[in-house]
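Below is one structure, written out as structure tokens; comments come after it.
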Amino acid sequence: MYDFGLRLRQLREKQNLSQSQVAQRLGITRAAISSYENNISFPSVNVLAELALLYRVSADYLLGLDNRTTIVLEGLTPRQSAVIQEVMDTLVTEFKLSNRELSIKKRS
12 MYDFGLRLRQ
22 LREKQNLSQS
32 QVAQRLGITR
42 AAISSYENNI
52 SFPSVNVLAE
62 LALLYRVSAD
72 YLLGLDNRTT
82 IVLEGLTPRQ
92 SAVIQEVMDT
102 LVTEFKLSNR
112 ELSIKKRS
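In terms of this note's numbering, the sequence shown is residues 12 to 119.
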């Protein structure tokens, strides 16, 4: 049976991150991360997207709809693969910047 929380915990531990580090990167509380990993609550769509970007997996993988942890780039040219990687890196950077801006606004 699929376990969302377990999958999240395994991905976090695979990247040697603490719950606090993940929470800080996403601009949410450590308690929220804990509740997701213990299947007490489920993240919003926005947080789910940020988790997928952070762990570099698809939302389908997080949701148990797909067991592949990576995006399939088969059949693409090296240039197309490079463009996709660049887009993913840009998205991760944008999420980090927007989370940082939100954290600054919350402190003000």
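For every residue, glycine included, the Cβ atom is placed at its ideal position computed from N, Cα and C.
Check                                                                            : Outcome
S45: first and last residue of the uninterrupted alpha helix (DSSP H) it sits in : 41-48
Whole-angstrom distance between Y66 and G38, CA atom to CA atom                  : 15 Å
Among V103, L19, S92, nearest to N49 - alpha-carbon criterion                    : L19
Reduced DSSP secondary structure (H/G/I, E/B, other) of P54                      : coil
C-beta contact flag for S45 and Q30 at 8 Å                                       : yes
Limits of the alpha helix (DSSP H) - the one that R36 falls within               : 30-37
Inter-residue CB distance, L59 and L76 (contact presumed, cutoff 8 Å)            : Between L76 and L59 the Cβ distance is about 12 Å, and since that is not below 8 Å, they are no contact.
beta-carbon P89 near the ligand ADP non-hydrogen atom, thresh 7 Å                : Because no ligand of any kind appears in the structure shown, any question about the ligand ADP cannot be addressed here.
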